[in-house]
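Numbering (our numbering), first residue to last: 43 to 470.
Reading through the structure tokens given below for one structure.
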Ligand SMILES: Cc1cc2nc3c(=O)[nH]c(=O)nc-3n(C[C@H](O)[C@H](O)[C@H](O)COP(=O)(O)OP(=O)(O)OC[C@H]3O[C@@H](n4cnc5c(N)ncnc54)[C@H](O)[C@@H]3O)c2cc1C
């Protein structure tokens, strides 16, 4: 049996929430689903110790007129419907219009020691702390690139962690010039100033990156390459994230064109967020990294559009374009140093799901051949981590998406239509 919605929204982050609320305000029958148990996405993830700020709480709680479908993961597409795994089983959902608001994930890059217990992404450790993983009293090194490092440090500090340093790979000139440009986005300038104030006393170093993590059963110290030479820092936890990349797997599965002008593709949309597939819209970070404000505006824009209110959507174009310029500023000032592409040696694990080392990929020029020979990218993350890292390192472009896009139960998969011969030829 299929459940049908006039507007179905995938992802309940700021973009998806705004899309669902806006479409429902026009009287549409709206479904909003997310793999997570609570709405909020990455930035408004439920925190077991600290309440969300008031405006975030309002956005998350205002689901009037929306069917909220928690713990629903879209794993595949099936004859113009979506196959969704739920805690109870699986469902087929169909729609008049679909809004893809699947957000972004962290970019992780391999370096010697990155698979030691205690090493995570920066946003990853932030999410763990919010969900109750104990960090109080633990010495944490935060490294990588972009404003997320400061947001992660702030959360970890609030949870009692001892943040021993924040190491940003972008050089001091780039970070200063980024900060100077923030005057064009006053709300962001205030947010950044507040963060710096709360993090006063924690060293924030530029032009610095983790070269190696050491430890026996877990990380104990890290070597950090700084403009003044290599520094070794003792720690209990290391959180490293090199910015964000859009989640495009579902859009690709639906046949939506992707924009490949950057190493990491994003969903291609027109000015009013229409994808290349009829009645499918995309909003927020799945269309490119630009932060919370863009996600909220684009969500509302897509909600108007999906409910057929084009003029209301057009009214949001100017603020959206202004906020999207912030994304370009981020990309320019936090571009990754090419030395980060050379940190992994032949013995460094690249695919942590299938234990594939960098050296095993020597000689392969395309991802599919490497995958068939080594199983690289065939584990639980389906290449989300290693495939994205290898694309960033210039080894192989990302290979196409195929179902299931998330690990799924056999019973869910049994409900799928048989693979087409095209799928079979693409191989797993
Ligand atoms: C780990 C992490 C931490 C972050 N922390 C901060 C922070 O502290 N401060 C800040 O300003 N910004 C933070 N950001 C950036 C922030 O996510 C964006 O600025 C903004 O919130 C993006 O909103 P969005 O709605 O586009 O996507 P998201 O907030 O990423 O929401 C996307 C949602 O889609 C769901 N989803 C994806 N695919 C499927 C599927 N197939 N089936 C079902 N559900 C699916 C996900 O579970 C997720 O809840 C973080 C990003 C990441 C990746």
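Every residue gets a Cβ at the ideal spot worked out from N, C-alpha and C, and that includes glycine.
Quiz item: Cα-Cα, which of 390, 60, 256 is closest to residue 159?
Solution: As a working mapping, residue 159 is identified with position 117 in the chain shown. If you compare the alpha carbons of 390, 60, 256 with that of residue 159, the shortest gap goes to 256.
Quiz item: Touch check for the region 438-451 and the region 113-121: three-plus C-beta pairs under 8 angstroms?
Solution: Enough Cβ pairs lie closer than 8 angstroms, so yes.
Quiz prompt | Closest residue to residue 139 among 95, 344, 382 (Cα-Cα distance) | solution = As a first step, residue 139 is located in the chain shown; it is residue number 97 there, counting from the start. The residue with the shortest Cα to Cα distance from residue 139 is 344.
Quiz item: Per DSSP, which one or two residues make a beta bridge with residue 204?
Solution: The sequence position of residue 204 within the chain shown is 162, counting from 1. Under DSSP, residue 204 takes part in a beta bridge, and its partners are 181.
Self-check item: Proximity of residue 352 and residue 280 at Cβ, strictly below 8 angstroms
Solution: Within the chain shown, numbered from 1, the residue matching residue 352 stands at position 310. Within the chain shown, numbered from 1, the residue matching residue 280 stands at position 238. Contact: no.
Practice problem: List the endpoints of the continuous alpha helix (DSSP H) containing residue 223. | Solution: Against the chain shown, residue 223 aligns to sequence position 181. Note, residue 223: alpha helix (DSSP H), 214-223.
Quiz item: Should residue 259 be labelled buried (16 or more other beta-carbon atoms within 10 Å of its own) or exposed?
Solution: Residue 259 sits at position 217 when you count from the first residue of the chain shown. So residue 259 ends up on the exposed side.
Practice problem: For residue 541, count neighbouring Cβ atoms within 10 angstroms of its own Cβ and tell me buried if that reaches 16, exposed if not. | Solution: Beyond the ends of the chain as shown, which are 43 and 470, falls residue 541; an answer cannot be given.
Quiz item: By how many angstroms is the C-alpha of residue 417 removed from the C-alpha of residue 396?
Solution: Sequence index remark: in the chain shown, residue 396 carries index 354 (1-based). Sequence index remark: in the chain shown, residue 417 carries index 375 (1-based). A straight-line Cα-Cα distance of about 6 angstroms links residue 396 and residue 417.
Practice problem: Specify the secondary structure class of residue 344 as computed by DSSP and reduced to three states. | Solution: Counting from one through the chain shown, the residue named residue 344 turns up at place 302. Residue 344 falls in the helix class under three-state DSSP.
Quiz item: Taking Cβ positions, are residue 372 and residue 151 nearer each other than 8 angstroms?
Solution: For the purposes of this step, residue 372 is taken as residue 330 along the chain shown, with counting starting at 1. For the purposes of this step, residue 151 is taken as residue 109 along the chain shown, with counting starting at 1. No. Outside cutoff.
Quiz prompt | Three-state class that DSSP yields for residue 196 in the structure shown | solution = Position 154 of the chain shown, counted from the start, is the residue given in the question as residue 196. Here residue 196 sits in helix by DSSP.
Exercise. Identify, in the order they occur along the chain, each residue of the same chain with its Cβ nearer than 8 angstroms to the Cβ of residue 202, setting aside the five sequence neighbours on each side.
Key: In the chain shown, residue 202 corresponds to position 160, counting from 1. Around residue 202: 177, 178, 179.
Quiz item: Where are the alpha helix (DSSP H) runs, 4 residues long or more, that stay fully inside the region 53-82, in chain order?
Solution: Segments of the alpha helix (DSSP H) lying fully in the region 53-82: 56-67.
Quiz item: Going by alpha carbons, who is nearest to residue 65 out of 47, 307, 287, 55?
Solution: Taking the first residue of the chain shown as 1, we reach residue 65 at position 23. Minimum Cα-Cα distance from residue 65 among the listed residues 47, 307, 287, 55 corresponds to 47.
Quiz item: If residue 285 and residue 336 are in contact, beta carbons under 8 angstroms, what's the gap, nearest whole angstrom?
Solution: Within the chain shown, the letter at position 243 stands for residue 285. Within the chain shown, the letter at position 294 stands for residue 336. Beta-carbon to beta-carbon, residue 285 and residue 336 are separated by about 15 angstroms, too far to satisfy the 8 angstroms threshold.
Self-check item: Distance between residue 59 and residue 331 (C-alpha atoms, nearest Å)
Solution: Counted from its first residue, the chain shown places residue 331 at position 289. Counted from its first residue, the chain shown places residue 59 at position 17. Taking C-alpha positions only, residue 331 is separated from residue 59 by approximately 18 angstroms.
Exercise. Keeping to the same chain, check which residues put their C-beta closer than 6 angstroms to that of residue 254; ignore five residues upstream and five downstream.
Key: Against the chain shown, residue 254 aligns to sequence position 212. Around residue 254: 154, 155, 265.
Self-check item: Burial state of residue 415, where buried means 16 or more other Cβ atoms lie within 10 Å
Solution: In the chain shown, residue 415 corresponds to position 373, counting from 1. Exposure of residue 415 is indicated by the presence of fewer than 16 other C-beta atoms within 10 angstroms of its C-beta.
Practice problem: Determine which residues share a DSSP beta bridge with residue 286 and list them. | Solution: For the purposes of this step, residue 286 is taken as the residue at position 244 of the chain shown. As computed with DSSP, residue 286 is found in a beta bridge with 148.
Quiz item: Opposite residue 399 in the DSSP bridges: which residues?
Solution: For the purposes of this step, residue 399 is identified with residue 357 of the chain shown, where counting begins at 1. Its beta-bridge partners are 391.
Quiz item: Looking at residue 426 and ligand 1, is the gap between the Cβ and the nearest heavy atom below 7 angstroms?
Solution: As a first step, residue 426 is located in the chain shown; it is residue number 384 there, counting from the start. Answer for residue 426: no, Cβ out of range of ligand 1.
Practice problem: Give every residue of the same chain whose Cβ lies closer than 6 angstroms to the Cβ of residue 112, excluding the five residues on either side of it in the sequence, and list them in chain order. | Solution: Position 70 of the chain shown, counted from the first residue, corresponds to residue 112. For residue 112, same chain residues with a beta-carbon under 6 angstroms away, outside a window of 5 residues either side, are 79 in chain order.
Quiz item: Just the Cα atoms here: how many angstroms apart are residue 467 and residue 410?
Solution: Position 425 of the chain shown, counted from the start, is the residue given in the question as residue 467. Position 368 of the chain shown, counted from the start, is the residue given in the question as residue 410. In this prediction, residue 467 has a pLDDT of 48, which is less than 50 and means its spatial position is unreliable; nothing more can be read from the coordinates.
Quiz item: Around the C-beta of residue 283, are 16 or more other C-beta atoms found within 10 angstroms, so that it is buried, or is it exposed?
Solution: For the purposes of this step, residue 283 is identified with residue 241 of the chain shown, where counting begins at 1. Answer is buried; the Cβ neighbour count reaches 16.
Practice problem: Pull up the distance between the alpha-carbon of residue 441 and that of residue 429, whole angstroms please. | Solution: Here residue 441 refers to the residue found at position 399 of the chain shown. Here residue 429 refers to the residue found at position 387 of the chain shown. Their Cα atoms are separated by approximately 8 angstroms.
Quiz item: Is residue 301 near ligand 1, judged by its Cβ being under 7 angstroms from some heavy atom?
Solution: Taking the chain shown and counting its residues from 1, one reaches residue 301 at position 259. Residue 301 Cβ: outside cutoff for every heavy atom of ligand 1.
Quiz item: With a Cβ-Cβ cutoff of 8 angstroms, do residue 168 and residue 134 count as a contact?
Solution: Here residue 168 refers to the residue found at position 126 when the chain shown is read from its first residue. Here residue 134 refers to the residue found at position 92 when the chain shown is read from its first residue. Contact flag unset, no.
Quiz item: So which of 444, 88, 224, 212 has the shortest CA-CA distance to residue 172?
Solution: Reading the chain shown from its first residue, position 130 is the one you call residue 172. Selected option, being the one with the closest Cα: 88.
Quiz item: For residue 86, does the three-state DSSP call read helix, strand or coil?
Solution: The sequence position of residue 86 within the chain shown is 44, counting from 1. Coil at residue 86, not helix or strand.
Quiz item: What number of angstroms, rounded off, separates the C-alpha of residue 433 from the C-alpha of residue 295?
Solution: If you number the chain shown from 1, residue 433 lands on position 391. If you number the chain shown from 1, residue 295 lands on position 253. Their backbone Cα atoms lie some 19 angstroms apart in a straight line.
Quiz item: Comparing the CB of residue 213 with every heavy atom of ligand 1, is any distance shorter than 7 angstroms?
Solution: Start at 1 with the first residue of the chain shown, and residue 213 comes out as number 171. Between ligand 1 and the CB of residue 213, the shortest heavy atom gap is not smaller than 7 angstroms.
Quiz prompt | DSSP bridge partner residues for residue 276 (one or two, in chain order) | solution = The residue labelled residue 276 in the question sits at position 234 within the chain shown. Beta-bridge pairing links residue 276 to 263.
Self-check item: residue 526 CB to nearest heavy atom of ligand 1 below 7 angstroms
Solution: No answer is possible for residue 526: it lies beyond the span of the chain, which begins at 43 and ends at 470.
Exercise. Give a single yes or no on whether residue 63 has its beta carbon closer than 7 angstroms to a heavy atom of ligand 1.
Key: The residue given as residue 63 occupies position 21 in the chain shown. Not so, every heavy atom of ligand 1 lies at least 7 angstroms from the Cβ.
Quiz item: Which value, in whole angstroms, describes the spacing of the CA atoms of residue 186 and residue 205?
Solution: The residue you call residue 186 lines up with position 144 of the chain shown. The residue you call residue 205 lines up with position 163 of the chain shown. Using only the alpha carbons, I get a separation of about 14 angstroms.
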